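As structure tokens, the structure follows; a few thoughts come after it.
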Amino acid sequence: MSIDILLLLGAALFCIGLAVVVTRKNAIAVLIGIELMLNAANLNLVAFSRFDGDQLQGQIFALFVITVAAAEAAVALAIVVKVYQHFNTADLDQINELKG
Amino acid sequence: MEIANIIFYAFIGITLISALFIMLTKNILYSAFALIATFLGMAGIFVLLGAEFVAITQILVYVGGILILIVFGIMLTNRGKTTKVDTKIYHKFYGILIATGFFYLLARGISTADFGGMAWMTNSNSSPSSIRHLGMKVMTDYVLVFEVIGILLLIALIGAIRIAGHTREEVEHVD
Numbered sequence: 042m043s044i045d046i047l048l049l050l051g052a053a054l055f056c057i058g059l060a061v062v063v064t065r066k067n068a069i070a071v072l073i074g075i076e077l078m079l080n081a082a083n084l085n086l087v088a089f090s091r092f093d094g095d096q097l098q099g100q101i102f103a104l105f106v107i108t109v110a111a112a113e114a115a116v117a118l119a120i121v122v123k124v125y126q127h128f129n130t131a132d133l134d135q136i137n138e139l140k141g
Numbered sequence: 033m034e035i036a037n038i039i040f041y042a043f044i045g046i047t048l049i050s051a052l053f054i055m056l057t058k059n060i061l062y063s064a065f066a067l068i069a070t071f072l073g074m075a076g077i078f079v080l081l082g083a084e085f086v087a088i089t090q091i092l093v094y095v096g097g098i099l100i101l102i103v104f105g106i107m108l109t110n111r112g113k114t115t116k117v118d119t120k121i122y123h124k125f126y127g128i129l130i131a132t133g134f135f136y137l138l139a140r141g142i143s144t145a146d147f148g149g150m151a152w153m154t155n156s157n158s159s160p161s162s163i164r165h166l167g168m169k170v171m172t173d174y175v176l177v178f179e180v181i182g183i184l185l186l187i188a189l190i191g192a193i194r195i196a197g198h199t200r201e202e203v204e205h206v207d
């Protein structure tokens, strides 16, 4: 397995995540796209870490990325649920007031 | 073609097809389930790359945690309106144009850089990494980052509970 195909897979996943983020207006669908983009970055880190001898920096960094992604998802979903209670919609175009 | 290569390409296929399904489907619940398949395929690729611990963490955190959170979020934000949880796809042309353009740029960059032919990559002795080695690294060289990330997770979870929990008094009379 060469590294190029892994990098291409990472790029493809990142672009699919970007397309999901751009084309959807539901807050949760946008969040799904962001998770996909974070995971694509992880794939690159792990792929390079394989060729890194015994340093393992890429894998450790991937672990930290996963942790931060978990924290981000928890906070983002809490905000989405709260916004839905306030505005009665999760459509990002209709949430356009700042003052609650 | 040895068996490991076949499994490797099978995992790549699972990942790509389910990721494309996320982009094409309108139902958010379907895309959440397709995200599970994507994460599992990537966990398989991680195992084949010698990153077993990252793969296990991926399954535990993403499939076991974040996906459940997303499904809860879908459940809590689609109450009573309709039976379907559809979302429209807006700006389909421009979105796909931007994504394919960016992919073309990245693919050109990857093929031009030619990482596979670099010296440190061809000379690398890709020894099968052990989880023991990873644990020693995390607990010695990266222990400060490890503690900081733990505190970050704690703060984020407390914040999430504070935001999504019971309604605050100062907000209640505004509603």
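Chains as they are written, first to last, in this note's numbering: chain A, 42 to 141; chain B, 33 to 207.
The beta-carbon is built from N, C-alpha and C at its ideal position, and this holds for glycine as well.
Please read these numbers as outputs of a predicted model, since none were measured by experiment.
### Query
Assuming LEU48 of chain B contacts LEU79 of chain A under a Cβ cut-off of 8 Å, what Cβ separation, rounded to an integer in Å, is found between them?
Residue mapping note: residue 48 of chain B aligns to position 16 of the second sequence, counting from 1. Residue mapping note: residue 79 of chain A aligns to position 38 of the first sequence, counting from 1. Going by Cβ atoms, the distance from LEU48 of chain B to LEU79 of chain A rounds to 17 Å, so no, they are not a contact pair.
### Message
Could you pull the DSSP bridge partners for ASP118 of chain B from this structure?
### Response
As a position in the second sequence, residue 118 of chain B is number 86, starting the count at 1. B:ASN59, per the DSSP bridge assignment.
### Task
Let me know the secondary structure DSSP gives ARG91 of chain A once reduced to three states.
Taking the first residue of the first sequence as position 1, residue 91 of chain A is located at position 50. In the structure shown, ARG91 of chain A sits in a helix (DSSP, three-state: H, G or I).
### Message
Can you find the residues in the same chain that come closer than 7 Å, C-beta to C-beta, to ALA36 of chain B, ignoring five residues on each side of it along the sequence?
### Response
Your numbering for residue 36 of chain B matches position 4 in the second sequence. Once the five neighbours on either side are set aside, the close Cβ partners of ALA36 of chain B are LEU80.
### Task
At 8 Å on the CB atoms, spell out the chain B contacts of LEU133 of chain A, in chain order.
Within the first sequence, residue 133 of chain A is the residue found at index 92, counting from 1. The contacting residues do not exist; LEU133 of chain A stays about 10 Å from chain B at best.
### Query
Straight-line CA distance for ALA192 of chain B to ALA119 of chain A?
As a working note, residue 192 of chain B is residue 160 in the second sequence. As a working note, residue 119 of chain A is residue 78 in the first sequence. Near 5 Å, if we compare the C-alpha coordinates of ALA119 of chain A and ALA192 of chain B.
### Message
What does the alpha-carbon distance come out to for the pair GLN100 of chain A and THR172 of chain B?
### Response
Sequence index remark: in the first sequence, residue 100 of chain A carries index 59 (1-based). Sequence index remark: in the second sequence, residue 172 of chain B carries index 140 (1-based). Taking the straight line from one Cα to the other gives about 15 Å.
### Task
Let me know if VAL61 of chain A comes out buried or exposed under the rule of 16 or more other beta-carbons within 10 Å of its beta-carbon.
Counted from its first residue, the first sequence places residue 61 of chain A at position 20. Buried is the call here.
### Query
Hey, is ASN67 of chain A's beta-carbon within less than 8 Å of any beta-carbon in chain B?
Translated into positions along the first sequence, residue 67 of chain A becomes position 26. ASN67 of chain A counts as touching chain B.
### Query
Is there a Cβ from chain B that is less than 8 Å from the Cβ of PHE128 of chain A?
For the purposes of this step, residue 128 of chain A is taken as the residue at position 87 of the first sequence. No, PHE128 of chain A lies away from the interface with chain B (no Cβ there is under 8 Å from its Cβ).
### Message
Going by DSSP, what residue range makes up the alpha helix (DSSP H) through GLU138 of chain A?
### Response
Numbered from its first residue, the first sequence carries residue 138 of chain A at position 97. Per DSSP, GLU138 of chain A belongs to no alpha helix (DSSP H) and is neither H nor E.
### Task
For ALA88 of chain A, go through chain B and note every residue whose CB falls closer than 8 Å to its CB, in chain order.
Numbered from its first residue, the first sequence carries residue 88 of chain A at position 47. Going along chain B in sequence order, the residues near ALA88 of chain A (Cβ under 8 Å) are LEU81.
### Query
How is the alpha helix (DSSP H) around SER43 of chain A delimited, first residue to last?
Within the first sequence, residue 43 of chain A is the residue found at index 2, counting from 1. Taken as a continuous stretch (DSSP letters only), SER43 of chain A belongs to no alpha helix (DSSP H), as it is neither H nor E.
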